[in-house]
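Right, one structure below, let's go through it.
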Amino acid sequence: MNKSKKILINENKSIKDALYKLTNTREKLLICVDNSNKFLGVINDGDIRRAILKKAKLNEKIKKYINKKASFVTDQISEVEASKLVTSRIMVLPVINSFQNVIGYYSFRGKEENFNIISKEVTVIGMGYVGLTLSAILAEVGFKVNGIDINRNIINKLNKKIVPFYEKDLSKYVDKNLNRKLFFSDNLNKSKTSIFVISVGTPITNNKKPDLRNLIKAVNLVGKSLIKNNLVILRSTLPIGTTRKIVIPRLEKNSSLKVGEDFSVAFAPERTAEGIALKELRENPQIIGGYDEKSSEKTANFFNTFTHSTVHVQSLEAAEFCKLIDNSYRDHRFAFVNQFIKFSEKLNIDLTKIVKSVNHGYSRNDIPIPSPGVGGPCLSKDPYILSNDLENKKLNSSLIKLSRKTNESIIPYVHLKVKNNLKKIKKEINTSKIFIIGMTFKGSPETSDVRNSSSIELIKKLKTKKNRIHVYDPYSSFNLNLFKKLKIKNSSLKDGFNKADAVIIMTNNKSFNELTHQKYLNSMNKPSIFLDTWHIFDPIELKQFKGINYYGLGND
Numbered sequence: 016m017n018k019s020k021k022i023l024i025n026e027n028k029s030i031k032d033a034l035y036k037l038t039n040t041r042e043k044l045l046i047c048v049d050n051s052n053k054f055l056g057v058i059n060d061g062d063i064r065r066a067i068l069k070k071a072k073l074n075e076k077i078k079k080y081i082n083k084k085a086s087f088v089t090d091q092i093s094e095v096e097a098s099k100l101v102t103s104r105i106m107v108l109p110v111i112n113s114f115q116n117v118i119g120y121y122s123f124r125g126k127e128e129n130f131n132i133i134s135k136e137v138t139v140i141g142m143g144y145v146g147l148t149l150s151a152i153l154a155e156v157g158f159k160v161n162g163i164d165i166n167r168n169i170i171n172k173l174n175k176k177i178v179p180f181y182e183k184d185l186s187k188y189v190d191k192n193l194n195r196k197l198f199f200s201d202n203l204n205k206s207k208t209s210i211f212v213i214s215v216g217t218p219i220t221n222n223k224k225p226d227l228r229n230l231i232k233a234v235n236l237v238g239k240s241l242i243k244n245n246l247v248i249l250r251s252t253l254p255i256g257t258t259r260k261i262v263i264p265r266l267e268k269n270s271s272l273k274v275g276e277d278f279s280v281a282f283a284p285e286r287t288a289e290g291i292a293l294k295e296l297r298e299n300p301q302i303i304g305g306y307d308e309k310s311s312e313k314t315a316n317f318f319n320t321f322t323h324s325t326v327h328v329q330s331l332e333a334a335e336f337c338k339l340i341d342n343s344y345r346d347h348r349f350a351f352v353n354q355f356i357k358f359s360e361k362l363n364i365d366l367t368k369i370v371k372s373v374n375h376g377y378s379r380n381d382i383p384i385p386s387p388g389v390g391g392p393c394l395s396k397d398p399y400i401l402s403n404d405l406e407n408k409k410l411n412s413s414l415i416k417l418s419r420k421t422n423e424s425i426i427p428y429v430h431l432k433v434k435n436n437l438k439k440i441k442k443e444i445n446t447s448k449i450f451i452i453g454m455t456f457k458g459s460p461e462t463s464d465v466r467n468s469s470s471i472e473l474i475k476k477l478k479t480k481k482n483r484i485h486v487y488d489p490y491s492s493f494n495l496n497l498f499k500k501l502k503i504k505n506s507s508l509k510d511g512f513n514k515a516d517a518v519i520i521m522t523n524n525k526s527f528n529e530l531t532h533q534k535y536l537n538s539m540n541k542p543s544i545f546l547d548t549w550h551i552f553d554p555i556e557l558k559q560f561k562g563i564n565y566y567g568l569g570n571d
């Protein structure tokens, strides 16, 4: 809110006085008050011009020509809400207190530059899932986009139109816009960039603490390229307070500019699901927390070029909290049901059927089915970042940590389940052929991402010097180097099932529903075990195959 008194004029001042003030104010409009500073209305160039055309004298009081129907807001409204009312039609919005005194105003001036940003350049730092998908969408809607990543291998692939991971329709967008609207480089060269988006990874260390080294490198890089009127948007997941306490000081130090005066900063967390990211970038509401009102408005106008909805929160910290609480909640939901896996097996009750029964036709319930842990780049780390924030404030984080540990406990349980059930049929893990179906951290929506994958964690526990582990995934081609490093064999379904002692379904990819049970199951060694951790197949049907012992999670 602006508090300058230069825009105020008393109702008893002359038209000549008003003209003089209008000449010397940048707002081109005056707020009219009485002797007690009570709000009366506004007067602008047009009002005075019309008065003069009606033969008004220059020494005549402006009282007669005040627009008393002018819009205003009270001091009870938030800055973010008030800023939404300021448009090219309402250029100045007076703010009054409970006594009707004018205490300030909001101005459209300074916002005008944000309404024509479609022709400007955008630089996105970090060409992972978050940065590359956003870059593709921005190029598609008309921005010139500079995609930056220090990994030259990734940049070289992208410049050859090779997308290093699977994301629905992403290759099509890259192929269409490369070297036209979309440019990739490992250097942040001088350009006409007006918006920087930082989307680098923020992992956790071995002791479960946030690792901000990638972020700091990116921030320092941006700071050295920052010029006046730039906007910096943070998309990386951050501990609460990082943008204000770490990012902004480094931007100011490296640029010699002042936030809020020379450049703008906002935190707008990435909220897309891998596999449908391009679709969700256009459909999901974008949460925005700005350093100030101008930062929020600039960021909102940027996102409004490709999405229909933005949600303003009160601060940078509030936006950072949104991201962490969102992913921690989802991790908690999965942990809630996963804690009952062993209990259901002891009761000989099918947990998946229980969940489906209590959800059926009951809108208040949305309990997920049990699953083999929770992996991926977000849900496996963000709860630790949030719990660390709580502990820094000397607050209890036990519920968040317990949820995380519950989900992390499932893979050791699956490993034990495989080991014990092989022993029941007089086989050992060391000498068995084990076929794992599904390697990514999730199966639906489809992705090629194996970061923190439950399958990878299981393989590390199962792998011995003597046993043979075969794997199958629809997107194995993106991860062949990793499979080679783990010393596991990438197989077809036919080769994987053939003479297998154990088959383990680890993701819920829709294509797995089409497996021809008899064709593959008959080729397995007898006896053998079949572990369906996602309850994809009907246990009754599978238990009819002689020599094959069916197991599930919460439904043996």
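Converting from the sequence shown to our numbering requires adding 15 to each position, the first position being numbered 1. Every residue gets a Cβ at the ideal spot worked out from N, C-alpha and C, and that includes glycine.
Query	Result
Those runs of the alpha helix (DSSP H) which lie wholly inside the region 198-275 and span at least 4 residues	228-240 and 263-270
Integer Cβ distance of arginine 259 from asparagine 235, believed to fall under 8 Å	Arginine 259 to asparagine 235, Cβ: 17 Å. No contact.
Expected contact under 8 Å - CB spacing of glycine 562 and lysine 541 to nearest Å	3 Å
Classification of threonine 220 by the beta-carbon crowding that lies within 10 angstroms, buried from 16 upward	exposed
Cβ pair isoleucine 263, valine 237 closer than 8 Å	no
8 Å Cβ cutoff, isoleucine 58 in contact with chain D	Absent from the structure is chain D; it holds one protein chain and no more.
CA-to-CA distance, threonine 446 to glutamate 461, given in whole angstroms	33 Å
Bridge-paired residues (DSSP) for aspartate 547	Ile520 and Gly567
Serine 574 and glycine 304 closer than 8 Å at C-beta	There is no way to answer for residue 574, as the model of the chain reaches only from 16 to 571.
Supposed close pair valine 156, leucine 149 - CB separation, criterion 8 Å	At roughly 11 Å, the Cβ-Cβ gap does not stay under 8 Å, so valine 156 and leucine 149 are not in contact.
CA nearest to the CA of lysine 395, picked from Asp346, Ser324, Val117 and Ser93	Here residue 395 is serine; the residue named in the question, lysine, does not match the sequence. Taking only the C-alpha atoms, the option nearest serine 395 is Asp346.
Close Cβ partners of glutamate 443 (< 7 Å) along its chain, the five nearest in sequence each way excluded	Leu437
Euclidean distance between Cα positions of aspartate 576 and histidine 485	This structure gives no information on residue 576, because the portion of the chain shown stretches from 16 to 571.
Buried/exposed call for histidine 375, threshold 16 Cβ in 10 Å	exposed
Alpha helix (DSSP H) runs contained entirely in the region 135-182, provided each spans 4 or more residues	144-155 and 167-174
Whole runs of the beta strand (DSSP E) within the region 387-461, excluding any shorter than 3 residues	448-452
For arginine 466, the first and last residue of its enclosing alpha helix (DSSP H)	Run containing arginine 466: none; DSSP gives neither H nor E here.
Inter-residue spacing [alpha-carbon to alpha-carbon] between isoleucine 544 and leucine 557	11 Å
Start and end residues, alpha helix (DSSP H) containing threonine 314	308-318
Simplified DSSP state of serine 330, which is helix, strand or coil	coil
With 16 other Cβ atoms within 10 Å as the buried cut-off, status of isoleucine 177	exposed
CB contact flag (threonine 208, leucine 227, <8 Å)	no
Among Cys393, Asn222, Leu296 and Lys191, nearest to leucine 253 - alpha-carbon criterion	Cys393
Test item: CB-CB of asparagine 570 and serine 402 under 8 Å	no
Length of the line joining the Cα atoms of lysine 500 and valine 101	58 Å
Secondary structure of asparagine 496, DSSP reduced to three states	helix
Cβ-based burial, valine 373 [other Cβ within 10 Å; buried from 16]	exposed
Proximity test, asparagine 50 beta-carbon vs the ligand NAD heavy atom, cut-off 7 Å	This structure lacks the ligand NAD; in fact it carries no ligand of any kind.
At least three beta-carbon pairs within less than 8 Å, the region 242-249 to the region 178-196	no
Close-in-space but distant-in-sequence residues of the same chain around isoleucine 384 (CB under 6 Å, 5 per side omitted)	Thr367 and Val370
Integer-rounded CB distance, given that alanine 233 should sit under 8 Å from isoleucine 213	5 Å
Collapsed DSSP secondary structure at glycine 376 in the structure displayed	coil
Proximity to serine 386 [Cα-Cα], best of Ser412, Arg379, Leu417 and Ser424	Ser424
Through-space distance from alanine 283 to glutamate 298, alpha-carbon basis	15 Å
Residue span of the alpha helix (DSSP H) that contains alanine 66, given as start and end	60-68
Three CB pairs or more closer than 8 Å across the region 412-428 and the region 486-493	no
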